[in-house]
Amino acid sequence: RLLLRINKNQTSNGILNHLQDVLVSEDERHCPVFVQYETDESVAQIRLGERCAAPVADDSLKQLQELLGKEHVKMCY
Numbered sequence: 047r048l049l050l051r052i053n054k055n056q057t058s059n060g061i062l063n064h065l066q067d068v069l070v071s072e073d074e075r076h077c078p079v080f081v082q083y084e085t086d087e088s089v090a091q092i093r094l095g096e097r098c099a100a101p102v103a104d105d106s107l108k109q110l111q112e113l114l115g116k117e118h119v120k121m122c123y
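What follows is the structure, given as structure tokens:
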């Protein structure tokens, strides 16, 4: 599974649209994506729907790391 940590400050800069471009795919991906959303008051973790799956290509993972920061993108095996 792929875990993406996002905080409330990151959502205001249009990052969600960029994430959608990377995660929504018509190919045969099967690795689920979880988003951990963090605010000052709480933390919630949700699994994204079937249309969103973790990219398997290194360049796509690198793109996610550039969007969110390397420490906010974790592939869990």
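Note that the sequence shown covers residues 47 to 123 in my numbering. Ideal placement from N, C-alpha and C gives every residue a C-beta, glycine not left out. These numbers were taken from a predicted model, which means no experiment stands behind them.
Of all alpha-carbon atoms in L48, H118, Q91, the one lying nearest the alpha-carbon of L69 is that of L48.
Comparing alpha carbon positions, the residue from E84, D86, Q82, A99 closest to D67 is A99. Under DSSP, E117 shares a beta bridge with no residue. For the pair of segments examined, the stretch 74-88 was found not to touch the stretch 105-117: the number of CB pairs separated by less than 8 Å stays below three.
Comparing alpha carbon positions, the residue from E112, C122, L94, A103 closest to Q56 is E112.
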